[in-house]
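Enquirer: Sharing a structure here in structure tokens format.
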Amino acid sequence: MAETVAAVRARNDDDLACVLSCVPVRASQGSTHRKGGFMLARYGIGRLSRTVVALGAATALTVAGTVTATAALPKVTGPTLAGTAKPTSAKYTALNGGVTDGTYWYAVVTEHAKSGTKVYDSNQLIKTKLYASSPTKIATFRIRSGHQTNLLGHGNDMAYNADTKRLMIPAWTNDDSVQGATQGRAIRVVNPGTLAIEKTVLLPHTTTGLCYDTVNNRYAGGTLNQYYSYDSAFKQTGKSAKFAMTGLGQGIDCDQSYIYVITSPKGAQKTNKIFVYNWSFKLVRTYEHASGAESEHLTHQSGTYYLGFNTGAGKLYRLDNFQFTVTYAAAGGTGSMPATVVLYGRSTALRTNAFKRTGYTFTGWSAKRSYDNKTRYQNPKDTSKTGWYAAGKQPSGWKPYLYKNGAAVLHTTPRGAVALTAAWRKA
């Protein structure tokens, strides 16, 4: 039987490697004004009049400014629409921060209301079940004069602490409401059930973007071209160099391995970019989505990433071919192994087996991916032939493919997780 295209792709999954070079980047944040030597685009009013380019399938992955035609491409397409923000009034036109807990998408939608020569941001915090068309709950935070604090500020970004099960929203703002001296460092802690602010936490530095790594119980946050790492109590543990990011700085996201900073079209940059840093703030990889629509926030759950766009009152799209997580199971052995985060298209080595099983020898890893529940199989008579099949649907005589210790992966799944299970042979 001739080898299928799918089998060829699967076989090539561990054969490809990429060598990437990266350049520093610099960011502006949200919509801002001139302050402290930085150009900040004021109020975000520009996003109201910007011509929105329809999201399309045409995408490209950029490394050091060069489009790599053979690399896997992150895709944001119509079939992957995961949420639509629907405020109670058409006045709320600008999507800002957002985050998912895996079940719901929480999004801040802003109204830029003028009063004389001044502009005040009013916000609605909208809770919508992923892939649903109608919101579950909406809370309104309105400014009626310049003499009270704008509680959610610009609503530029949002984090979800999966350990405390609370939303964390930076209160930084660039409108004309009266703000306290600590407003730029304030994080509103919000109950995701009631959407009510429970308390305020003050960070050491002004913060417009915030994310939480639930594996290591730590945060990353900052503003403009400076980001910091914090422990779970917001004690500073690290600091980035000043970045030179292109485009308009927006939100950030992070996991146990990487910090993701997004920028949207501005000036010479006509597309959206995701800059991927490690936790030492070294640039690892740069992705580009070839759309002129304005991205606002990046969020993820269980290895699936979503990008929020300021189209209409706001839409959330799933990212494919961007990143996935590899987990390890002992299958009768003892011990534990941390997961491996793989940037799609970037050759990444699997971990060496650390599990122990008395009387058995480790022979490799079988693999099952979450997005289609398929396992990788191999023809034992011709090991060059492999493919992904649902259990019981593989060709007759095919056995689970076994990944070796340290094998490199890069295209194993377009999203989600790949569960590796240890295979043992009696010694």
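The opening position of the sequence shown corresponds to residue 2 in our numbering, with each subsequent residue numbered one higher.
We put the beta carbon where it would ideally sit given N, CA and C, even for glycine.
Keeping to the same chain, check which residues put their C-beta closer than 7 Å to that of ALA392; ignore five residues upstream and five downstream.
Expert: Within the same chain, ALA392 has close Cβ partners THR376.
Enquirer: Hey, how far is the Cα of GLU289 from the Cα of GLY333?
Expert: 42 Å
Enquirer: I need the straight-line Cα distance from THR341 to ASP214, nearest angstrom please.
Expert: 14 Å
Enquirer: Three-state secondary structure (DSSP) at GLY304?
Expert: Here GLY304 sits in coil by DSSP.
Enquirer: Where does VAL179 land, buried or exposed, given buried means 16+ other C-beta within 10 angstroms?
Expert: Exposed is the call here.
Enquirer: May I ask which residues mark the beginning and end of the beta strand (DSSP E) holding GLN180?
Expert: Where GLN180 is concerned, there is no enclosing beta strand (DSSP E), given that its DSSP letter is neither H nor E.
Enquirer: Using a Cβ-Cβ cutoff of less than 8 Å, which residues in the same chain neighbour TRP389 once the five nearest sequence positions on both sides are dropped?
Expert: ALA7, ALA11, ARG370, ASP373, LYS375, THR376, ARG377, TYR378
Enquirer: So, are the CB atoms of ALA1 and THR362 less than 9 Å apart?
Expert: Nothing in the structure corresponds to residue 1, since the chain is present only between 2 and 428.
Enquirer: Grab me the residues of ALA133's own chain with a C-beta within less than 8 Å of its C-beta, minus the 5 sequence neighbours each way, in chain order.
Expert: GLY84
Enquirer: Going by the CB atoms, is the gap between GLY147 and ASP122 shorter than 9 Å?
Expert: no
Enquirer: Enumerate in chain order the residues of its own chain whose CB-to-CB distance from ARG432 is below 6 Å, with the five nearest sequence positions on each side excluded.
Expert: Not covered by the structure: residue 432. The range shown for the chain is 2 to 428.
Enquirer: Measure the alpha-carbon distance for ASP158 versus ILE127 and round it to whole angstroms.
Expert: When only Cα atoms are considered, ASP158 and ILE127 end up about 14 Å apart.
Enquirer: So, do the stretch 246-263 and the stretch 184-201 have three or more beta carbon pairs nearer to each other than 8 Å?
Expert: no
Enquirer: Which residues does DSSP list as the beta-bridge partners of GLY222?
Expert: LEU211, TYR229
Enquirer: In whole angstroms, what is the alpha-carbon distance linking THR104 and ALA242?
Expert: Approximately 35 Å between the Cα atoms of the pair.
Enquirer: Buried or exposed for THR413, going by 16 or more other Cβ atoms inside 10 Å?
Expert: buried
Enquirer: Consult DSSP for ASP185 and reduce its assignment to one of helix, strand or coil.
Expert: The sequence given here places Gly at residue 185; Asp does not occur at that position. Three-state DSSP puts GLY185 in a helix.
Enquirer: What's the C-alpha gap between GLY239 and ASP383?
Expert: A direct Cα-to-Cα measurement between GLY239 and ASP383 gives close to 51 Å.
Enquirer: Suppose you measure from the CA of VAL410 to the CA of THR353; what does that come to, to the nearest Å?
Expert: 13 Å
Enquirer: In angstroms, rounded to a whole number, what distance separates the CA positions of HIS301 and ALA424?
Expert: Using only the alpha carbons, I get a separation of about 30 Å.
Enquirer: Compute the distance between the beta-carbons of GLY304 and THR272, then report whether it is under 9 Å.
Expert: Inclusion of GLY304 and THR272 in the CB contact set at 9 Å is not warranted, their separation being larger than that value.
Enquirer: Assign THR335 to one of two classes, buried (16 or more other C-beta atoms within 10 Å of its C-beta) or exposed (fewer than that).
Expert: exposed
Enquirer: Quick one: give me the first and last residue of the beta strand (DSSP E) that VAL120 is part of.
Expert: Here the beta strand (DSSP E) through VAL120 covers 119-130.
Enquirer: So for LEU62, helix, strand or coil by DSSP?
Expert: A caution first: LEU62 carries a pLDDT of 32, below 50, which makes its placement in the model unreliable, though a value can still be read off. Note: LEU62 maps to coil in three-state DSSP.
Enquirer: Could you check where the beta strand (DSSP E) with ASP102 kicks off and where it finishes?
Expert: From DSSP, ASP102 is part of no beta strand (DSSP E); its letter is neither H nor E.
Enquirer: Using DSSP's beta-bridge definition, name the partner residues of LYS138.
Expert: For LYS138, which the question treats as bridged, DSSP gives the partners LYS128.
Enquirer: Which residues bound the beta strand (DSSP E) around HIS290?
Expert: 284-290
Enquirer: Let me know the secondary structure DSSP gives THR81 once reduced to three states.
Expert: helix
Enquirer: Taking the alpha-carbon of ASP256 as reference, which of TYR220, ALA314, PRO266 has the nearest alpha-carbon?
Expert: Nearest to ASP256 by C-alpha distance, out of TYR220, ALA314, PRO266, is TYR220.
Enquirer: Using the beta-carbon count (16 or more within 10 Å), is ARG426 buried or exposed?
Expert: exposed
Enquirer: Counting only runs of 3+ residues fully inside the stretch 293-378, write out the beta strand (DSSP E) ranges in chain order.
Expert: 296-302, 305-310, 316-320, 324-330, 341-344, 361-370
Enquirer: Apply the 10 Å Cβ neighbour rule to PRO396 and answer buried if 16 or more other Cβ atoms are within range, or exposed otherwise.
Expert: When all chains shown are included, PRO396 counts as exposed.
Enquirer: Going along the chain, which residues of its own chain have a beta-carbon closer than 7 Å to the beta-carbon of ALA187, five neighbours each way excluded?
Expert: ALA172, THR201, LEU203
Enquirer: Can you tell me which of THR264, ALA368, VAL190, ASP232 puts its alpha carbon nearest to the alpha carbon of ASN226?
Expert: THR264
Enquirer: Using 8 Å for Cβ pairs, my map puts PHE310 next to GLU297. What's the rounded Cβ distance?
Expert: About 7 Å separates the beta carbon of PHE310 from that of GLU297, a gap short enough to meet the 8 Å contact definition.
Enquirer: Comparing C-alpha positions only, which one of ASN192, GLY194, LEU196, ALA182 sits nearest to PRO205?
Expert: ALA182
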